[in-house]
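Worksheet: the structure to be examined is printed underneath.
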Amino acid sequence: MASSLNMEFLDALPERYGKNLSDWEPLYSLIRDHKIGRFLQSMGYTYVHVGSWWWPTRSNPNAGMNIHYLAPPLTLMDLVYDNVFGPFHHDLGRSVSILNSRFQQWKQLNYEFERLSQLPRMRGPMLVFAHILTPDDPVFRRDGSFVTAEEIFSLRYEEIYRNQLEALNQKLERLVDRLKSDSSAPPIIVLQSGEGPSPFRYRDEEEDFLWERATVSEIREKTGILNAYHLPGVDAKDLYPGITPVNTFRLILKVYFGANLELLPDRVFAQVSDRAPYSFFDITDRIGGVGKPEQ
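The numbering used here puts the first residue of the sequence shown at 47, with every later residue one more than the last.
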């Protein structure tokens, strides 16, 4: 996300902070104060930030408008749930919806989709950033309703994950149709995943998982993303299958604003572990490369 919003590789971070720094704040800072936001605000665009339940993207102090679900941060809800209800009876805490972080995530996501569908009513040019952050433990049934913890324990993970994926795809399709039909000017729309699903071994080890030792299958699972564009008036030949997020806004600013920005090499990087977020290594060749622009 930091790379995409700033249209640059993140090489400068290990050079500045060293490869062994475990603090993620420099990355979060780049997510809050990013080049694409500064540029479009200087061009008269209103920056609308639709926040997630994750604190680094919950709100943005640089945005002209912040939209987020007014629930307590999930870290607070989890603390209350674990320490007040957990010691007495696990099912009791699960049944109290206001303290059920999964239920709040489900409500948060529905709220984001609803508010996004209303944005065409606003006047003037807008840059809208929305972090639709879906948890590894699915919260949607296939029909979009809330999936309970009991159902998760009774079904195969692949099934509940697929059900959530289908529900979210339907919500995204309806949202895109609404934005296209209700906007006064043809909107530019980018749907871009931050990452793919977490492999099972990663979910067991998390911060201690070493990506240098990951299998090709695990790396492909984690780095495979949706990267879809709706660019009105742009020739399809300007896009190519292997475009990576670092080039997303370089391309958009170049074709719509005439910005003097060349596309960077399409490469894929990973970090050694979550404990060393600035220890990058190139994995492009390990995953079989990415598509190249036509010459």
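Every residue, glycine too, gets a C-beta built ideally from N, C-alpha and C.
Same chain, Cβ closer than 6 angstroms to K217, five either side skipped, listed in chain order: F159
Nearest-angstrom Cβ-Cβ length linking T290 and V336, presumed shorter than 8 angstroms: 6 angstroms
Residue nearest to R351 in terms of C-alpha spacing, selected from I206, V236, E196 and Y324: Because the chain in this structure spans residues 47 to 341, residue 351 falls outside the shown range and cannot be described.
Proximity of R198 and G242 at Cβ, strictly below 8 angstroms: Sequence inspection shows Ile at residue 198; the Arg mentioned does not correspond to that position. No, the Cβ-Cβ distance between I198 and G242 is not below 8 angstroms.
Distance CB(S68)-CB(R321) smaller than 8 angstroms: yes
Euclidean distance between Cα positions of R187 and N215: 12 angstroms
Closer than 7 angstroms: L277 CB and nearest the ligand PLP heavy atom: Annotation note on the ligand PLP: not contained in the displayed structure, which lists no ligands.
Straight-line gap, W152 to R249 (C-alpha atoms, nearest Å): 21 angstroms
Supposed close pair A109, Y93 - CB separation, criterion 8 angstroms: 5 angstroms
Validate contact between the segment 190-210 and the segment 227-238 using beta carbons, cut 8 angstroms, 3 pairs: no
Alpha helix (DSSP H) segment containing S75, residue limits: E71 to R78
C-beta atoms of F327 and L56 nearer than 8 angstroms: no
For H177 and Q154, the rounded distance between their alpha carbons: 11 angstroms
Separation of S200 from I82, as counted between CA atoms: 44 angstroms
Bridge-paired residues (DSSP) for V96: I113 and A176
Exposed unless 16 or more other CB atoms sit within 10 angstroms - verdict on K283: exposed
Burial state of M89 (16 or more Cβ within 10 Å): exposed
Own chain partners of A274 with C-beta closer than 6 angstroms, once the 5 adjacent residues on each side are dropped: L237
Helix, strand or coil at Y91 [DSSP, three-state]: coil
Through-space distance from E253 to R259, alpha-carbon basis: 14 angstroms
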